[in-house]
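Q:
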Amino acid sequence: MIVLVGITLFNLEQAHASDILIADFENTNYDNWTISGNAFGDAPPAGTLQNQMKVSGFRGKKLVNTFKHGDQTTGTAISKPFEIKRKFIAFLIGGGADLKEVGIELLVDNQPVRAATGSESEHLLWASWNVESLIGRQARLRIYDHGVGGWGHINVDHIIQTNNAPRRFDRKNQLEAYRKSEQYLDEPWRPQVHFSPEINWMNDPNGLVYYEGEYHLFYQYNPAGNQWGHMSWGHAVSRDLVHWENLPLAIPEENGEMAFSGCCIVDHQNTSGLGSERSPPMIAVYTAHGHGKQVQNLAFSNDRGRTWAKFKDNPILDINEKNFRDPKVFWHQSTQRWVMVVSLALEKVLVFYGSEDLKKWKELSRFGPAGASDKSNWECPDLFELEVEGSTDEKHWVLEVDMGAGSIAGGSGGEYFVGKFNGQEFIATQDARWVDFGRDFYAPISWSNIPRSDGRRIWLGWFNNWETCLIPTSPWRSSMSFPRTLALRKIHNEKDRPAFRLIQRPVDEIRKLIVDEIPIDTSVASWPPTRVTQPDQLNGMHFILETTLVPGTAQSCGLRIQTGPDEFLEVGYDNKNQHIYVDRTESGEVNFHPSFAGRHKAPTQVINGEIKLTMIIDRSSIELFINDGESVISDRFFPRSANPVVKIFASNNTASLKDTRIQQLNSIWQPQEKN
């Protein structure tokens, strides 16, 4: 017993033994490190180097940063020998992710026994090696940079020996502090009816799936900061598509691989063998980005998505390509197999695969290039079948795909094809059309496993644009669109041939948020603009505005959301060019990017002399649905006040806006359990 107590005390003492600093790189030179090549320079640099994205996450004022003169430089740094005395060697690391090109190694007997690299981010995070089996051995560290292409550099700082390995992503303290702040989920530009993460960067929605009464929303997330990097899957759930509960990180970046975009399905028949038919598993299929290529991986959950395990035999699909990403998987009933559509991004080609078990995949066919095929890339595809409005038996397949640049309003956006899919190949039966005519709707993906009793096809998209994505918000960046229901509407073109338009409408659940309705007299519009609401009537600035434009012969007509003497967001109809537009040129903070200010327009039909408009205004965003969703304009804007008035206008003649009403909305951010 005495011996056991002694051992226990010894172990406790060891666990709390102080850390041993190997290097913090705070001196004016590299001390006893042996430097070769030209990537390191004569001394550790103070943070970001010329022409480099901002470097963050390091300690003190200096670090190892081999971006000296850009990615073309190469070199090595080797430490003096030291004795391994603790269970772990830990360090902060960032930069490139290709272990063959850049990284840090532990050398024992001049042989590498451990290695690590960055994750294509300039933000440094903790990494550690378990070296308990090497305690007492002599070792050296080697930091190397052989890379000369993109991300051909490495960042390293604060190397220590420790018995307590630091967490790679430690959001606990950040979240606890933020949740106690006075502005928790209520910053001036924080949307109040659209989902946004509590803190940090978010982009594309991933893995939308309905399971046991919950709508799951996964999304591309940086757990380490407020700009792109360290892509992992964030997670939230909702029981009504309106109120969201934030959950812990689902699929983190690890082992040099980011978790890029993908999908989730429910494997009802347990074809994967990862659950049971009585308790079917949730399956995530996602792109793993790292080590110089992109592959498709699988993760699964057997506890309603609360915890996730990566499939032991990943990757499930690897064609040795650098730009092969964003799988969308669904069950094709007629062929009784799973179908995956995934993008060869730079080729602008979508590849279709089939599988019986979600593990082994066979190529079926390819589609593309097509549509705006000279623009940017293709990514984040979705494929689903939709009913035609007014029909009980007519359906067509819709294939949606996104491009990072070159969209209709500039920057990133998406297009869709209507056609046929037989389980083997997709054939477009009409030309591509734009999904959204604004600048801020990207990578939409639809929910899988919606119950048949519901029957809707519902999607949402990232409410941002890659060109202007660094919007002026903190401590979070980006939000999602409001969920939308989809349908097809049959129209006739100039040759009187039937064609179909994708119809998008906000889900009916938004009505749950309505707390007050304000009728407005907008019967006569002229110039100059006339105020039709009272000051303080719309304080808070999250509401639905519905109206019907009757433009007559006016050159233009519409309304303004006025947030200052010379600050307004304008929604109008251009009679000569026959389009509805959203103009955010004078909408507030527009100078954070030269491409942000502007006017975005959607071709519009005047039906029996009228144009029906429904818009969701939410502090820093507008979603404008034209003629019951036949066209949509989604835009961000950043007003300096959340206490607007509405004005109406018509130029060169009078016009009217009829049936105008404003419905004020409650915030979705109800008190919730914090995870």
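Position one of the sequence shown corresponds to residue 415 (my numbering), numbered consecutively onward. Note that beta-carbon positions come from the ideal geometry of N, C-alpha and C, so glycine has one too. Remember, predicted model here, so these are calculated numbers, not experimental data.
Out of curiosity, what's the CA-to-CA distance linking Ser940 and Arg998?
A: Along the sequence shown, read from residue 1 onward, the residue named residue 940 stands at position 526. Along the sequence shown, read from residue 1 onward, the residue named residue 998 stands at position 584. Taking the straight line from one Cα to the other gives about 21 Å.
Q: Give the range of the beta strand (DSSP E) segment to which Gln629 is assigned.
A: Indexing the sequence shown from 1 puts residue 629 at position 215. In the sequence as displayed, the identity of residue 629 is Tyr instead of Gln. Glu628 to Tyr635 is the extent of the beta strand (DSSP E) around Tyr629.
Q: Whole angstroms is fine: what's the gap from Asp807's alpha carbon to Val753's?
A: Along the sequence shown, one-based indexing puts residue 807 at 393. Along the sequence shown, one-based indexing puts residue 753 at 339. C-alpha separation (whole angstroms): 23 Å.
Q: Using a Cβ distance threshold of 8 Å, determine whether the segment 815 to 827 contacts the segment 909 to 924, with at least three qualifying pairs required.
A: No: the two stretches stay apart, fewer than three of their Cβ pairs being nearer than 8 Å.
Q: What separation, rounded to the nearest whole angstrom, lies between the Cα atoms of Ile421 and Ala453?
A: As a working mapping, residue 421 is identified with position 7 in the sequence shown. As a working mapping, residue 453 is identified with position 39 in the sequence shown. Bear in mind that a pLDDT of 44 at Ile421, under 50, signals an unreliable position, so the number given afterwards is only what the model happens to contain. Answer to the nearest angstrom: the Cα atoms are 48 Å apart.
Q: How many angstroms separate the CA atom of Pro897 from the CA atom of His956?
A: Residue 897 sits at position 483 when you count from the first residue of the sequence shown. Residue 956 sits at position 542 when you count from the first residue of the sequence shown. Their Cα atoms are separated by approximately 16 Å.
Q: Nearest by alpha-carbon distance to Gly639: which of Val522, Phe766 and Asn614 is it?
A: On the sequence shown, residue 639 is found 225 positions in, with the first residue counted as 1. Considering only alpha carbons, the answer is Asn614.
Q: By the DSSP assignment, the beta strand (DSSP E) with Ala702 in it spans what residues?
A: On the sequence shown, residue 702 is found 288 positions in, with the first residue counted as 1. Its beta strand (DSSP E) spans residues Met696 to Gly704.
Q: So, Ile730 versus Lys773, is the Cβ gap smaller than 7 Å?
A: Translated into the one-based positions of the sequence shown, residue 730 becomes position 316. Translated into the one-based positions of the sequence shown, residue 773 becomes position 359. Contact flag set, yes.
Q: Using CA coordinates, which residue listed in Glu691, Ile518 and Trp642 is at the minimum distance from Trp543?
A: The sequence position of residue 543 within the sequence shown is 129, counting from 1. When only C-alpha atoms are compared, the closest one is Ile518.
Q: Pick out whichever of Glu981, Phe1010, Ala968 and Phe982 has its Cα sitting closest to the Cα of Asn991.
A: Here residue 991 is taken as the residue at index 577 of the sequence shown, counted from 1. Asn991 has its Cα closest to that of Ala968, out of Glu981, Phe1010, Ala968 and Phe982.
Q: I'd like the list of long-range same chain contacts for Glu839, defined as Cβ closer than 6 Å, with 5 residues on each side in sequence excluded.
A: As a working mapping, residue 839 is identified with position 425 in the sequence shown. Here the set comprises Ser779.
Q: Once DSSP output is grouped into helix, strand and coil, what is the label at Met415?
A: For this step, residue 415 is matched to residue 1 along the sequence shown. With a pLDDT of 43 at Met415, under the threshold of 50, the modelled position of that residue is not reliable, and no figure is offered here.
Q: Which residues in the same chain have their Cβ closer than 6 Å to the Cβ of Lys1015, if we skip the five residues on either side of it in sequence?
A: Start at 1 with the first residue of the sequence shown, and residue 1015 comes out as number 601. Taken in chain order, the residues that qualify are His993 and Tyr995.
Q: For Glu829, I'd like the list of residues in its chain whose CB is within less than 7 Å of its CB, leaving aside the five on either flank, ordered along the chain.
A: Along the sequence shown, one-based indexing puts residue 829 at 415. Excluding residues within five positions, the ones whose Cβ falls inside 7 Å are Gly785, Ala786, Val815, Ala846, Arg847, Trp848 and Val849.
Q: Can you list the beta strand (DSSP E) stretches of 3 or more residues lying completely in the segment 895 to 935, in chain order?
A: Listed in chain order, the complete beta strand (DSSP E) runs (minimum 3 residues) inside the segment 895 to 935 are 898 to 906, 912 to 920 and 928 to 933.
Q: Using the DSSP secondary-structure output, state which residues sit across from Cys383 in a beta bridge.
A: The requested residue 383 is not part of the displayed model; the chain covers only 415 to 1089.
Q: Tell me which same chain residues have a C-beta within less than 6 Å of the C-beta of Leu548, skipping the five on either side of it?
A: Position 134 of the sequence shown, counted from the start, is the residue given in the question as residue 548. The answer, listed in chain order, is Ile498.
Q: In terms of residues, what are the limits of the alpha helix (DSSP H) holding Gln838?
A: The residue labelled residue 838 in the question sits at position 424 within the sequence shown. Gln838 -> no alpha helix (DSSP H), and no H or E assigned at all.
Q: Between Val743 and Ile679, is the Cβ-Cβ spacing less than 7 Å?
A: Here residue 743 refers to the residue found at position 329 of the sequence shown. Here residue 679 refers to the residue found at position 265 of the sequence shown. Contact: yes.
Q: Specify the secondary structure class of Ser1081 as computed by DSSP and reduced to three states.
A: Counted from its first residue, the sequence shown places residue 1081 at position 667. Ser1081 falls in the coil class under three-state DSSP.
Q: For the putative contact between Tyr633 and Pro619, defined by C-beta atoms under 8 Å, what is the C-beta separation to the nearest angstrom?
A: By one-based count along the sequence shown, residue 633 stands at place 219. By one-based count along the sequence shown, residue 619 stands at place 205. Right, the Cβ-Cβ distance comes to about 5 Å (below 8 Å), so this counts as a contact.
Q: If you run the structure through DSSP and keep just helix, strand and coil, what is Ser867?
A: By 1-based counting over the sequence shown, the position of residue 867 is 453. Ser867 falls in the coil class under three-state DSSP.
Q: Return the CA-CA distance between Glu931 and Thr1074, expressed in angstroms with no decimal places.
A: Locating residue 931 in the sequence shown gives position 517, where the first residue counts as 1. Locating residue 1074 in the sequence shown gives position 660, where the first residue counts as 1. Those two C-alpha atoms are separated by around 11 Å.
Q: Mind checking which residues open and close the beta strand (DSSP E) that includes Ala541?
A: Numbered from its first residue, the sequence shown carries residue 541 at position 127. Its beta strand (DSSP E) spans residues Ser535 to Asn544.
Q: In the DSSP assignment, the alpha helix (DSSP H) including Lys586 goes from what residue to what residue?
A: Reading the sequence shown from its first residue, position 172 is the one you call residue 586. Lys586 -> alpha helix (DSSP H) spans Lys586 to Arg593.
Q: Going by the beta-carbon positions, is the gap between Phe855 and Ser1048 smaller than 7 Å?
A: On the sequence shown, position 441 is the one that residue 855 refers to. On the sequence shown, position 634 is the one that residue 1048 refers to. Their beta carbons are under 7 Å apart, which means Phe855 touches Ser1048 by this criterion.
Q: Report the residue from Ala1056, Gln976, Asp732 and Arg751 whose alpha carbon sits nearest the alpha carbon of Gly837.
A: To locate residue 837, count along the sequence shown from 1; it is residue 423. Comparing Cα-Cα distances from Gly837 to each of Ala1056, Gln976, Asp732 and Arg751, the minimum goes to Arg751.
Q: Considering only C-alpha positions, which residue in the set Glu659, His703 and Ser715 is nearest to Ser686?
A: The residue given as residue 686 occupies position 272 in the sequence shown. Nearest C-alpha to Ser686: Ser715.
Q: With distances taken Cα to Cα, identify the nearest neighbour of Ala723 among Asn711, Phe1010 and Asn734.
A: Sequence index remark: in the sequence shown, residue 723 carries index 309 (1-based). Of Asn711, Phe1010 and Asn734, the residue nearest in Cα terms is Asn711.
Q: Between Gly510 and the rest of its own chain, which residues show a CB-CB distance below 7 Å, the 5 nearest in sequence each way excluded?
A: Along the sequence shown, one-based indexing puts residue 510 at 96. So the qualifying residues of the chain are Val516, Thr531, Gly532, Glu534, Gly561, Trp565, Gly566, His567 and Ile568.
Q: Can you tell which of Gly643, Thr962, Gly1012 and Thr1028 has its C-alpha closest to the C-alpha of Leu884?
A: Reading the sequence shown from its first residue, position 470 is the one you call residue 884. Here the closest residue by C-alpha is Gly643.
Q: From Gly621 to Trp861, what distance separates their C-alpha atoms?
A: Walking along the sequence shown from the start, residue 621 turns up at place 207. Walking along the sequence shown from the start, residue 861 turns up at place 447. Distance between the alpha carbons of Gly621 and Trp861: 8 Å.
Q: Helix, strand or coil: which one does DSSP assign to Ser779?
A: Residue 779 sits at position 365 when you count from the first residue of the sequence shown. If DSSP states are grouped into helix, strand and coil, Ser779 belongs with the strands.
Q: Tell me whether Gln597 is buried or exposed, calling it buried when 16 or more other Cβ atoms sit within 10 Å of its Cβ.
A: The residue given as residue 597 occupies position 183 in the sequence shown. The residue in question, Gln597, is exposed, as its Cβ has fewer than 16 Cβ neighbours within 10 Å.
Q: In angstroms, rounded to a whole number, what distance separates the CA positions of Leu952 and Arg593?
A: Translated into positions along the sequence shown, residue 952 becomes position 538. Translated into positions along the sequence shown, residue 593 becomes position 179. About 27 Å.
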